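For the sequence shown, this note's numbering gives the first residue as 38, with consecutive numbering after it.
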Amino acid sequence: MFKCDYHTHTRFSFDGARDSTPDSLCEAAIAQGVTDLAITDHFECNWRAEAAYPPYDSDGAYKEIMAAKEKYKGKLNLTYGIEIGQANQYPEEAKKLLAAHDYEFVIGSIHNLRGALDFHYWDFKKVFDDMSPAYIGYCFERYIDELCEVIDTLDKIDTVAHLTYLHRYCALSDNDYDFMKHSDKMEKLFKKIICRDIALEINVSTLWKGFGFPMPHKDILALYRECGGRLITIGTDSHSPEHIGECVEEGFNIIRSIGLHDILVVRNGEKHIEKI
Ligand SMILES: [Zn+2]
Ligand SMILES: [Zn+2]
38 MFKCDYHTHT RFSFDGARDS TPDSLCEAAI AQGVTDLAIT DHFECNWRAE
88 AAYPPYDSDG AYKEIMAAKE KYKGKLNLTY GIEIGQANQY PEEAKKLLAA
138 HDYEFVIGSI HNLRGALDFH YWDFKKVFDD MSPAYIGYCF ERYIDELCEV
188 IDTLDKIDTV AHLTYLHRYC ALSDNDYDFM KHSDKMEKLF KKIICRDIAL
238 EINVSTLWKG FGFPMPHKDI LALYRECGGR LITIGTDSHS PEHIGECVEE
288 GFNIIRSIGL HDILVVRNGE KHIEKI
């Protein structure tokens with residue numbers, strides 16, 4: 038039975054666990070009944086100019102992923118992917134990377150707003166206490182604007198990752214925020230991706246981490262569908278082998294409950310839609 042995990046990280050990502058190798062991820066995927074796995078290590082476009090992140094060993098990752106493809110042929114559909122962060126901020130970095138490597142699957146992300154820290158490092162409790170939820174709204178609007186720029190920057194992009202990335206951190210600080218207040222802004226982004234056949238990712242890391250919601254939330258998924266969106270990708274955003282495939286079925290159920298059924302995968306470089 039079809040089961041995919043289309044957002045995963047190995048030790049080639051700066052934040053990947055040491056035991057997270059293309060080989061160990063494939064073993065974990067097979068053990069979890071995953072039929073389609075995409076390895077999508079981080080490439081953060083501001084790594085060099087801002088020294089914001091360590092470098093990404095693209096050649097090393099390529100070698101190990103190709104070896105794993107060969108080793109697990111017939112057992113697992115392994116796809117050679119990448120998660121490109123902040124392509125809009127340093128377009129030349131993204132272009133150079135994409136020109137040098139034939140990635141089969143490209144995720145577009147924003148982890149930090151222009152000139153700001155990765156949301157991962159924000160103290161959201163302080164933001165809520167010292168400023169106001171309005172500040173979160175302001176940041177989210179900027180975040181969506183930058184995602185629109187990412188779409189305009191990249192010729193090759195297959196999906197947009199963790200649309201409500203901030204939500205994970207708001208929730209961590211025991212605060213909640215209704216991102217649907219910004220539905221107009223999100224509609225603009227959805228229209229942009231739909232007309233280019235770019236999918237929307239359902240990131241289930243917040244499900245397996247116990248937050249109780251995927252990124253984005255169910256109501257945002259419904260908005261995507263209302264705008265005419267159909268294509269979905271789904272990923273655990275695992276940074277170690279033990280979470281590969283976790284909560285994907287739960288994610289599938291959420292997707293179905295919205296009336297969406299088309300999951301995008303890439304096999305041998307060709308896009309393929311699996312119906313769930
Ligand atoms: Zn990400
Ligand atoms: Zn990721």
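For each residue, glycine too, the CB sits at the ideal point set by N, CA and C.
Source: prediction; values computed, not measured.
Open item on the list: Considering only DSSP beta bridges, list what N290 is partnered with.
Closed with: In the DSSP secondary-structure assignment, N290 is not bridged to any residue.
- [ ] Determine the DSSP secondary structure at L268, reduced to helix, strand or coil.
- [x] Here L268 sits in strand by DSSP.
Task: Assigned secondary structure, T201 (DSSP; H/G/I helix, E/B strand, else coil) - done: The answer is coil: DSSP assigns T201 none of H, G, I, E or B.
- [ ] Could you round the C-beta distance between S146 and I119 to whole angstroms and report it? I think they count as a contact, below 8 Å.
- [x] Wrong, their Cβ atoms sit about 10 Å apart, outside the cutoff.
- [ ] Identify the continuous alpha helix (DSSP H) that holds Y117 and give its terminal residues.
- [x] Counting along the chain, Y117 falls outside any alpha helix (DSSP H), though it belongs to the beta strand (DSSP E) covering 114-122.
Open item on the list: Is E238 a contact residue of ligand 2, with contact defined as CB to any heavy atom under 7 Å?
Closed with: E238 has its CB no nearer than 7 Å to any heavy atom of ligand 2.
Task: Any 3 or more C-beta pairs closer than 8 Å across the stretch 287-307 and the stretch 49-60 - done: No, the stretch 287-307 does not touch the stretch 49-60.
Open item on the list: Quick check on E107: does DSSP put it in helix, strand or coil?
Closed with: Helix, per DSSP.
Task: Outcome for L154 when other beta-carbon atoms lying within 10 angstroms are tallied against a minimum of 16 - done: Under this definition L154 is an exposed residue.
TODO: Select from P278, K222, G152 the residue whose C-alpha is nearest the C-alpha of I76.
DONE: Considering only P278, K222, G152, the residue with the shortest C-alpha distance to I76 is P278.
Task: Inter-residue spacing [alpha-carbon to alpha-carbon] between K193 and I313 - done: Taking the straight line joining both Cα atoms gives about 26 Å.
Task: Nearest to H138 (by Cα), restricted to the options A86, E186, F80 - done: Measuring from the Cα of H138, the nearest candidate turns out to be F80.
Task: Contacts around K218, its chain only, beta-carbon distance under 8 Å, and the 5 residues preceding and following it disregarded - done: These residues qualify, in order along the chain: G174.
TODO: Between the Cα of Y93 and those of F248, S50, I230, Y180, spot the shortest distance and give me the residue it belongs to.
DONE: Checking every option, the nearest Cα to that of Y93 belongs to S50.
- [ ] Could you pull the start and end residues of the beta strand (DSSP E) that V302 belongs to?
- [x] Counting along the chain, the unbroken beta strand (DSSP E) around V302 starts and ends at 299-304.
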